[in-house]
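Participant: All residue numbers for the sequence shown refer to this note's numbering, where the first residue is -18 and numbers rise by one.
For each residue, glycine too, the CB sits at the ideal point set by N, CA and C.
As the structure is a prediction and not an experimental result, all values here were calculated from the model.
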Amino acid sequence: MSSIGTGYDLSPTTFSPDGKVFQVDYATKAVDNSGTAIGIKCKDGVVLGVQKLVISKMLVHGSNRRIQTVDKHAGIAYAGLCPDGRQIVNRARQEAANYKSFYGDMIPAQTLADRISSFVHLFTLYWYVRPFGVGSLLACYDKEGPQLYHVEPSGVSYRYYGAAIGKGRQAAKTEIERLKLGELSCREAVMHIAKIIYQVHDEAKDKQFELELSWVCDESNKMHQKVPDELHKVAEAAAKAALEEDMQD
């Protein structure tokens, strides 16, 4: 009975006999069904990339972005339910603004990650709300340098050198682990992320997608920005060329 969640999945406040909270597991499944999001911490910053699935050919290019700026020094990429991700971003922006208003300085990455995690965890504690069906990758560049965090639907957060969430997370993680992240520059990471996202995309099952890329690094003056269009086009072209070579082999 407990293995399939029957009777124990009606509320996030109910534990199953084997210690699971099925509503949180279902929220995690929503993340796993979404487009892939990747974050890589490099020697000079952090790069975020997202495979945003296009639901219609009539959709305006660049709309419904899954990478958002939280503060000058921080940005979030998310996978899962888009409205849920929007709420996480709005909360993160409020926390950053409140911290700056009170302390007169930009919010540290660890503090921002903790506050987002606490907010997400709050929605697993009461029967009249549901967990957020979204996983978030937080990229920051503060006084301690560049940092990357992953906030899960359960409300737990981890600090990573490289992370991937969404449909292609397993294959993406395998590719990321092969990289020498400590020696990688952000420009090189942009190229790698583009290649990985194109590799994990299943053309037979998935819809067309847009590649979103952003970074917060020394080149961007430690500010979270979209990757320059010129570099974005070069990375996308290189990724497509590498994919065609792999298909021919």
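Would you mind sorting glutamate 211 into buried or exposed? The rule is 16 or more other CB atoms within 10 Å of its CB.
Facilitator: By the 10 Å Cβ count, glutamate 211 comes out exposed.
Participant: Hey, could you find the ends of the beta strand (DSSP E) threonine 50 is sitting in?
Facilitator: Looking at the DSSP string, the run of the beta strand (DSSP E) that includes threonine 50 is 48 to 52.
Participant: Quick check: the Cα distance between glutamate 133 and histidine 213, rounded to an integer number of angstroms?
Facilitator: The alpha-carbon atoms of glutamate 133 and histidine 213 are separated by roughly 28 Å.
Participant: Go ahead and label proline 127 buried or exposed: buried means 16 or more other beta carbons lie within 10 angstroms of its beta carbon, across all protein chains shown.
Facilitator: The residue in question, proline 127, is buried, as its Cβ has 16 or more Cβ neighbours within 10 Å.
Participant: Helix, strand or coil, according to DSSP, for tyrosine 107 in the structure here?
Facilitator: In the structure shown, tyrosine 107 sits in coil (DSSP, three-state: anything other than H, G, I, E or B).
Participant: So if DSSP puts histidine 131 in a beta bridge, which residue, or which two residues, is it bridged to?
Facilitator: Paired residues: Leu118, Tyr139.
Participant: Can you list the beta strand (DSSP E) stretches of 3 or more residues lying completely in the stretch 141 to 216, in chain order?
Facilitator: Entirely contained in the stretch 141 to 216, the beta strand (DSSP E) runs reaching 3 residues are, in chain order, 143 to 146, 190 to 198, 205 to 207.
Participant: Would you tell me roughly how many angstroms separate the C-alpha atoms of glutamate 164 and isoleucine 157, rounded to the nearest one?
Facilitator: Going by the C-alpha atoms only, they are around 13 Å apart.
Participant: Count the other CB atoms within 10 Å of the CB of tryptophan 196; is the residue buried (16 or more) or exposed (fewer)?
Facilitator: Tryptophan 196 comes out buried.
Participant: Could you spell out the range, first to last residue, of the beta strand (DSSP E) harbouring isoleucine 21?
Facilitator: Where isoleucine 21 is concerned, the enclosing beta strand (DSSP E) stretches over 18 to 22.
Participant: Counting beta carbon pairs with one atom in the stretch 92 to 103 and one in the stretch 111 to 122, are three or more of them shorter than 8 Å?
Facilitator: Result yes; three or more Cβ-Cβ pairs closer than 8 Å.
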